[in-house]
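A.B. asks: Quick one: structure below, then a few questions.
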Amino acid sequence: MTELNHRERGKVVVECIDLRRTLGEGDTAVDVLKGLNLKIHQGEFCSIVGPSGSGKSTLMYLLGALDRPDGGQVLIDGVDTRLMKDRQLADLRNHKLGFIFQFHYLMPEFSALENVMMPMYKRGLPHAEARDRAQSLLSEMGIGNKSHRPPGKLSGGEQQRVAISRALANQPLVVLGDEPTGNLDTTNADNVFALFEKLVKEESQTIVVVTHDLDLAARTDRIIRLVDGEIVDDGPTADVMERMRADGIVSISQ
174 MTELNHRERG KVVVECIDLR RTLGEGDTAV DVLKGLNLKI HQGEFCSIVG
224 PSGSGKSTLM YLLGALDRPD GGQVLIDGVD TRLMKDRQLA DLRNHKLGFI
274 FQFHYLMPEF SALENVMMPM YKRGLPHAEA RDRAQSLLSE MGIGNKSHRP
324 PGKLSGGEQQ RVAISRALAN QPLVVLGDEP TGNLDTTNAD NVFALFEKLV
374 KEESQTIVVV THDLDLAART DRIIRLVDGE IVDDGPTADV MERMRADGIV
424 SISQ
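For the sequence shown, the numbering used here begins at 174 and goes up steadily by one.
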């Protein structure tokens, strides 16, 4: 993998302005996000933490243009997603964003290599170029020798490495992970975060993850802490962790 010219470390790549999301209607309506303001810069490794029901996954879906807000704005690379039609949002996701979920969602009938090639096919890359990049990504992940195996013939950690490779296939501006290590054991979760750290350091890749694991959040550069749909703390990881400890918070569920 080579560093990309459009990755200017420090520029704002995602911005939320007075972001609001309500689920349900009438008496059952719940304000899940309550006017969030947030900027994420190129080359940042951010974790979004908070107890269940705090709005973490809702925020992640809005950052990923997978949902539309009820109020406010989400700007991705300076573009206001609320002004875009569904087809434009799909193109934005394919060109600018990479997604990693708790479950890998690999297509079982295709090989690891073919799974990684899929986003590049969708973008219109020639077969040979897509194949070579997919093989290079899998090799970077340490599973290049297993590229022709179907997902069912790979371990859980290997499957997630394929999913990460797929997320990186189109050289996204931002990688979004919703509990990307949630189904992995401690060793494989540690390996995945080591890969994230390498991408941030060597490629200036912007990575934003939702995690319930405070030890893993501690390895990111910045923690954004949500409670009841509001950002209650946001800053360098060491500072946020210190404030959490001072408040007697020892787990993300608090």
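Beta carbons are placed, not taken as given, at the ideal position from N, Cα and C, and that holds for glycine.
Could you check if His-300 is buried or exposed, using at least 16 other CB atoms within 10 Å of its CB as the buried criterion?
C.D. replies: By 1-based counting over the sequence shown, the position of residue 300 is 127. Exposed, by the Cβ-count rule.
A.B. asks: What's the call for Gly-251, buried or exposed, on a 16-neighbour Cβ count within 10 Å?
C.D. replies: As a first step, residue 251 is located in the sequence shown; it is residue number 78 there, counting from the start. By the 10 Å Cβ count, Gly-251 comes out exposed.
A.B. asks: Val-347 and Val-186 - do their beta-carbons sit closer together than 7 Å?
C.D. replies: Within the sequence shown, residue 186 is the residue found at index 13, counting from 1. Within the sequence shown, residue 347 is the residue found at index 174, counting from 1. It is a contact, given that the beta carbons lie within the stated cut-off.
A.B. asks: Once DSSP output is grouped into helix, strand and coil, what is the label at Ser-220?
C.D. replies: For the purposes of this step, residue 220 is taken as residue 47 along the sequence shown, with counting starting at 1. Looking at Ser-220 - three-state DSSP - the assignment turns out to be strand.
A.B. asks: Return helix, strand or coil for Leu-311, following the three-state DSSP convention.
C.D. replies: For the purposes of this step, residue 311 is taken as the residue at position 138 of the sequence shown. If DSSP states are grouped into helix, strand and coil, Leu-311 belongs with the helices.
A.B. asks: CA-CA distance, Met-174 and Leu-310?
C.D. replies: For the purposes of this step, residue 174 is taken as residue 1 along the sequence shown, with counting starting at 1. For the purposes of this step, residue 310 is taken as residue 137 along the sequence shown, with counting starting at 1. At Met-174 the pLDDT is 40, less than 50, meaning the model places this residue with poor confidence; the figure from the coordinates comes in the next sentence. Looking at the two C-alpha atoms, the distance is approximately 7 Å.
A.B. asks: Using a Cβ-Cβ cutoff of less than 7 Å, which residues in the same chain neighbour Ala-303 once the five nearest sequence positions on both sides are dropped?
C.D. replies: Numbered from its first residue, the sequence shown carries residue 303 at position 130. Once the five neighbours on either side are set aside, the close Cβ partners of Ala-303 are Met-290, Met-293 and Tyr-294.
A.B. asks: Within the chosen definition, does the region 359 to 372 reach the region 186 to 202 through at least 3 CB pairs nearer than 8 Å?
C.D. replies: Flag = no, the region 359 to 372 and the region 186 to 202 do not touch.
A.B. asks: DSSP puts Glu-403 in a beta bridge; with which residues?
C.D. replies: Here the question's residue 403 lines up with position 230 in the sequence shown. DSSP output for Glu-403 lists Val-400 as bridge partner(s).
A.B. asks: What does the Cβ neighbour count give for His-321, buried or exposed, with the cut at 16 atoms within 10 Å?
C.D. replies: Residue 321 sits at position 148 when you count from the first residue of the sequence shown. His-321 is exposed by the Cβ-count criterion.
A.B. asks: For Val-400, tell me which candidate among Asp-253, Gly-183, Val-205 and Cys-189 has the shortest Cα-Cα distance.
C.D. replies: Your numbering for residue 400 matches position 227 in the sequence shown. The shortest C-alpha separation from Val-400 is found at Val-205.
A.B. asks: Which two residues bound the contiguous alpha helix (DSSP H) that contains Gln-332?
C.D. replies: The count along the sequence shown starts at 1 and reaches residue 332 at position 159. It spans 329 to 341 - the alpha helix (DSSP H) in which Gln-332 sits, taken as one unbroken run.
A.B. asks: Within 10 angstroms of its Cβ, does Ser-227 collect 16 or more other Cβ (buried), or is it exposed?
C.D. replies: By 1-based counting over the sequence shown, the position of residue 227 is 54. Burial call: buried.
A.B. asks: Who are the Cβ neighbours of Gly-325 in its own chain at under 7 Å, not counting the five residues just before and after it?
C.D. replies: Your numbering for residue 325 matches position 152 in the sequence shown. For Gly-325, where only same-chain residues beyond five positions count, the Cβ hits under 7 Å are Pro-281.
A.B. asks: Taking buried to mean at least 16 other C-beta atoms within 10 Å of its own C-beta, is Thr-201 buried or exposed?
C.D. replies: For the purposes of this step, residue 201 is taken as the residue at position 28 of the sequence shown. So Thr-201 ends up on the exposed side.
A.B. asks: If we ignore side chains and look at the alpha-carbon of each, how far apart do Glu-376 and Asp-420 end up?
C.D. replies: For the purposes of this step, residue 376 is taken as residue 203 along the sequence shown, with counting starting at 1. For the purposes of this step, residue 420 is taken as residue 247 along the sequence shown, with counting starting at 1. So the alpha carbons of these two residues sit roughly 36 Å apart.
A.B. asks: Label Gln-378 either buried or exposed according to how many other C-beta atoms from any shown protein chain fall within 10 Å of its C-beta, with 16 as the threshold for buried.
C.D. replies: By one-based count along the sequence shown, residue 378 stands at place 205. With 16 or more Cβ atoms within 10 Å of its Cβ, Gln-378 is classed as buried.
A.B. asks: What residues in its chain sit with their C-beta under 6 Å from that of Leu-248, if we drop five residues either side in the sequence?
C.D. replies: For this step, residue 248 is matched to residue 75 along the sequence shown. So the list reads Glu-188, once near-sequence residues are dropped.
A.B. asks: Under a three-way DSSP split, which group does Phe-272 fall into?
C.D. replies: Numbered from 1 along the sequence shown, position 99 holds the residue referred to as residue 272. In this structure, Phe-272 counts as strand in the three-state DSSP scheme.
A.B. asks: At a threshold of 6 Å, does Pro-353 count as lining the ligand COA (C-beta to nearest heavy atom)?
C.D. replies: Inclusion of the ligand COA in the displayed structure is not the case, the ligand content being empty and no account of it being possible.
A.B. asks: Which same chain residues, not among the five before or five after Asp-412, have their C-beta less than 7 Å away from its C-beta?
C.D. replies: Taking the first residue of the sequence shown as position 1, residue 412 is located at position 239. Same-chain partners within the cutoff: there are none.
A.B. asks: Let me know if Arg-398 comes out buried or exposed under the rule of 16 or more other beta-carbons within 10 Å of its beta-carbon.
C.D. replies: Mapped onto the sequence shown, residue 398 falls at position 225. Arg-398 comes out buried.
A.B. asks: Taking only three categories from DSSP, how would you classify Thr-354?
C.D. replies: Within the sequence shown, residue 354 is the residue found at index 181, counting from 1. DSSP places Thr-354 in coil when its eight states are reduced to three.
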